[in-house]
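Protein chains: 2
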Amino acid sequence: MSESPSAKHRVVVVGAGFGGLFAARELRSAAVSVTLINGTTYHLFEPLLYQVATGILSEGEVAPPIREIFRRRRNLDVQLGWVTDVDVEGKAVLVSAPDGRERRVPYDSLVVAAGARNSYFGNDGFAEHAPSLKNIDDALELRGRIFHAFEMADLEEDPEARRRWLTFVIIGAGPTGVELAGQIAELAHRALKGQYRHADLSQTRVILLDAADRVLPAFDAPLSVRAERQLTRMGVDVRLNTRVVDVDEGGVKMDTGEGGERIEAYTKIWAAGVAAPTLATRIAEATGAGTDRAGRIRVNPDLTVPGHPEIFVVGDMAALDLPGVAQVAMQGGRYAAKVIQRRVAGRPAKRPFHYFDKGNMATIGRFSAVANVGKLHFSGLLGWLMWLGVHLFYLIGFKNKVTTLLHWVVSFLGRGRAERISTVQQIHARNALNGTPRAT
Amino acid sequence: MSESPSAKHRVVVVGAGFGGLFAARELRSAAVSVTLINGTTYHLFEPLLYQVATGILSEGEVAPPIREIFRRRRNLDVQLGWVTDVDVEGKAVLVSAPDGRERRVPYDSLVVAAGARNSYFGNDGFAEHAPSLKNIDDALELRGRIFHAFEMADLEEDPEARRRWLTFVIIGAGPTGVELAGQIAELAHRALKGQYRHADLSQTRVILLDAADRVLPAFDAPLSVRAERQLTRMGVDVRLNTRVVDVDEGGVKMDTGEGGERIEAYTKIWAAGVAAPTLATRIAEATGAGTDRAGRIRVNPDLTVPGHPEIFVVGDMAALDLPGVAQVAMQGGRYAAKVIQRRVAGRPAKRPFHYFDKGNMATIGRFSAVANVGKLHFSGLLGWLMWLGVHLFYLIGFKNKVTTLLHWVVSFLGRGRAERISTVQQIHARNALNGTPRAT
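First to last, the sequence lines map onto chains A and F.
Position one of the first sequence corresponds to residue 1 (the numbering used here), numbered consecutively onward.
Position one of the second sequence corresponds to residue 1001 (the numbering used here), numbered consecutively onward.
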């Protein structure tokens, strides 16, 4: 690389999700040095996380190591750590390393792309009994719980308790909730069928709850109807206009009926909402940008923070009227990187960020998905084939594309669920005298 | 299945390792009912566990679900639980379920194949600082520690501490120790090369210690020499005639030199010894069979316990003058199953168990392995190709054979380590103020 003065322009990217990854990628041949800071060593392909939780894919297939993605990049430094704060005046991020030490990483341009975290809407006590699905730890925890429930149902002799083990409640009917509900129904009614001698898996109940009046509210209404019909056909009990008011070890309580209805279930999954991470509040306060109701940072049309043209916010952390999907983050990351490159090259700034909506899709079961592309609707097998193609295309790494496709053949044409390990630690964590599960 | 009286003969198999799995398989068309009890839901292909610890294979690839292996079997019941004791008079095993409840499972014939556990030779305090590699939990823990060490070396600025992060000590130079040492050296000097900006991975030290005077003592001496030479060529520091006397957070102490030498290293792995599980002692006491020095149950030449022709002990739990390898367990399990089948059919007992030694092999690095087949010795690429073929042949499931081969192509022809996730929980577990790792 030539030693021009601009070669020293330091870009710090916070987060290696879709936003951060695409920003860092776009800067591949820029005359800048890039530092990519992330709390884990991998990029997470979040749209397929539910397949890790249900035994289809291995965690490595949806979480390629950041260092392998960028192995040929000379102008990029990957650092493991959590960004706890930004010194906007001193132009440095504060990073907490895994050994607890704090350090400052200075920047000339900053791309903030730390994504979203799960939100229990103030009921953080629900988390122990109804884990959510935002990262690999969550997926492995849910995988352990889901497969363990079938094992316990097979061991359990009391019909009441067995029924509780065979009842799965998913709270939230967005894409994650719908995909989890569909996959758990597939497990019970197809993939694991015939593998248990004592429990009758056809008795499995998968209940999908949402306070809204339709599933997949981000999709056009006709697709919600089709998705719901397909879920029902697969044996999922969809309950709309239903708010969960309490979650405990043995079940959930809802606001429906006289004085609230209760479902007895050992396995509950929270897929109901996300919120901005604490870092968003910090940056909004330090810059005076302010946040929207979801805690996301208010940004200019070029994704910069008001008064701080050197700070870009992309993806779920930015208060834009856009859905929290991968495409928004990818395009935002790429846009920010392009603006930085132009500035470093002394060229005029680009026009404002414009999101190009490539569409929205969610799988329901094998051979069935819904896709919303502009005004076009796709569902059933056609939707599923689109889903397949798009996800294979965006998956990172040739190896992951090949093994993922193979796992899909095994799981969808066959019935195998190859990646369904519960660790001994997980099995022991549920070792309670009363037979109910405990959070790890 | 015909309802002959013998259809009710109940066979209980304890353990789904190689011994239990092959016993259960052999009984596939026998007029018996089989109950297979295991502490996890998977069969573990232990010889490839080191590849999970070093990021080559996913845990699902070496640990297929028992229920999927036997999905077409009607005369077999899989139960999750730990066998804590055997009531030899009442002919029942006592099983502790994951929910803590105890139950009795009656048998007419019993096949005990619970394998071996790691032994720290009385120094159980070493376990926290030097985990061993016997199960999936161990492999995931080691995977977290090994890859985390390179990350921390990259973050660490103090040269002394960085050196500690880049030093790996493996205690025990049997196949597991040799394979781990070889793979960690490959990681540092080939696979991860160029992926770190601050740490110089060529400074990585991999130290393989053993109290014996050669590596791979179960192999013929010339192969030990070749293996050691190959390890040295790969950058492994092999130290023989060296006993470890202490292990702490920051390193190990050895009995060499004046007053003992010390190696500073954050990552230590124990691959030094195995012992029989507690269940062996229980059975030996209850039956009066007695144990050998390693705690293994003394058995008759037909693998039954003296005075109890209905109890078979196979694999690592049996006190035979045989190595603790998969083949011994497989052949023992198959033999026990055949004897049971003959008895049920009213045919005379077979001749005593005879182990057919198909040979012994261990990989050292890519394209390099040693194999001992009868009096023949193979090493280098030829040994490695044999190793490849044999392991693919014995891996269970078509899907696992294909994805494993693909992972090997990626890792050995390429340099990818696709399955190297550290969970956030693992990263946090090492979050100590003094920068030293803590056991999870």
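Just so you know, even glycine gets a beta-carbon here, dropped at the ideal spot from N, CA and C.
Between which two residues does the alpha helix (DSSP H) carrying residue i extend?
| i | result |
| --- | --- |
| residue 1128 of chain F | 1126-1129 |
| residue 177 of chain A | 175-186 |
| residue 224 of chain A | 221-233 |
| residue 1367 of chain F | Note, residue 1367 of chain F: premise wrong, no alpha helix (DSSP H); not H, not E. |
| residue 1026 of chain F | 1018-1026 |
| residue 330 of chain A | 326-344 |
| residue 404 of chain A | 398-408 |
| residue 141 of chain A | 136-155 |
| residue 1267 of chain F | It is not in any alpha helix (DSSP H) - residue 1267 of chain F instead sits in the beta strand (DSSP E) that spans 1267-1270. |
| residue 308 of chain A | Careful: residue 308 of chain A lies outside any alpha helix (DSSP H), inside the beta strand (DSSP E) at 308-313. |
Assuming residue i and residue j form a contact by the criterion Cβ under 8 Å, report the distance between their Cβ atoms to the nearest whole angstrom.
| i | j | result |
| --- | --- | --- |
| residue 1224 of chain F | residue 60 of chain A | That pair is no contact at about 34 Å. |
| residue 1212 of chain F | residue 1240 of chain F | 6 Å |
| residue 63 of chain A | residue 43 of chain A | 7 Å |
| residue 1209 of chain F | residue 1242 of chain F | 5 Å |
| residue 406 of chain A | residue 1402 of chain F | 6 Å |
| residue 333 of chain A | residue 19 of chain A | 4 Å |
| residue 1218 of chain F | residue 1174 of chain F | 7 Å |
| residue 1312 of chain F | residue 1331 of chain F | Not confirmed; about 13 Å, so no contact. |
Could you give the first and the last residue of the continuous beta strand (DSSP E) run that contains residue i?
| i | result |
| --- | --- |
| residue 77 of chain A | 76-80 |
| residue 1374 of chain F | Run containing residue 1374 of chain F: none; DSSP gives neither H nor E here. |
| residue 1103 of chain F | 1102-1106 |
| residue 1035 of chain F | 1032-1038 |
Measuring CA to CA, which of the options is closest to residue i?
| i | options | result |
| --- | --- | --- |
| residue 1032 of chain F | F:1427, F:1110, F:1154 | F:1110 |
| residue 1382 of chain F | F:1397, F:1365, F:1346 | F:1365 |
| residue 1183 of chain F | F:1194, F:1195, F:1165, F:1205 | F:1205 |
| residue 509 of chain A | A:208, A:393, A:279 | Residue numbering for chain A in the displayed model covers 1 to 440; residue 509 of chain A lies beyond these limits and cannot be assessed. |
| residue 294 of chain A | A:55, A:285, A:177, A:277 | A:277 |
| residue 1076 of chain F | F:1317, F:1140, F:1238, F:1011 | F:1011 |
| residue 1264 of chain F | F:1328, F:1357, F:1129 | F:1129 |
| residue 1187 of chain F | F:1146, F:1313, F:1084 | F:1146 |
| residue 92 of chain A | A:338, A:307, A:283 | A:283 |
| residue 14 of chain A | A:28, A:78, A:47 | A:78 |
| residue 112 of chain A | A:315, A:325, A:339 | A:315 |
| residue 1034 of chain F | F:1022, F:1045, F:1040 | F:1022 |
| residue 119 of chain A | A:196, A:36, A:66, A:269 | A:269 |
| residue 424 of chain A | F:1039, F:1341, F:1193 | F:1039 |
| residue 220 of chain A | A:394, A:126, A:360 | A:360 |
Any beta carbon from chain F within less than 8 Å of residue i's own beta carbon?
| i | result |
| --- | --- |
| residue 25 of chain A | no |
| residue 140 of chain A | yes |
| residue 49 of chain A | no |
| residue 357 of chain A | no |
| residue 40 of chain A | yes |
| residue 97 of chain A | yes |
| residue 395 of chain A | no |
| residue 203 of chain A | no |
| residue 238 of chain A | no |
| residue 403 of chain A | yes |
| residue 194 of chain A | yes |
| residue 79 of chain A | yes |
| residue 147 of chain A | yes |
Are any of the Cβ atoms in chain A nearer than 8 Å to that of residue i?
| i | result |
| --- | --- |
| residue 1014 of chain F | no |
| residue 1416 of chain F | yes |
| residue 1271 of chain F | no |
| residue 1423 of chain F | yes |
| residue 1060 of chain F | yes |
| residue 1092 of chain F | no |
| residue 1063 of chain F | yes |
| residue 1412 of chain F | no |
| residue 1011 of chain F | no |
| residue 1046 of chain F | no |
| residue 1085 of chain F | no |
| residue 1432 of chain F | Low per-residue confidence applies at residue 1432 of chain F: pLDDT is 39, beneath 50, and the placement is therefore not dependable, though the value from the model is reported in the following sentence. Interface residue, yes. |
| residue 1137 of chain F | yes |
Hey, is residue i close to the ligand MN, as in C-beta under 7 Å from one of its heavy atoms?
| i | result |
| --- | --- |
| residue 1076 of chain F | Because no ligand of any kind appears in the structure shown, any question about the ligand MN cannot be addressed here. |
* To do: Would you check if the region 1125-1142 of chain F and the region 1410-1419 of chain F touch, i.e. whether three or more CB-CB distances between them fall below 8 Å?
  => Touching, no.
* Asked: Is there contact here, the region 367-376 of chain A with the region 347-356 of chain A, by at least three beta-carbon pairs under 8 Å?
  -> No, they do not touch.
* Asked: Touching or not, the region 1139-1157 of chain F and the region 1249-1263 of chain F, by the rule of three or more beta carbon pairs under 8 Å?
  -> Not touching, per the Cβ criterion.
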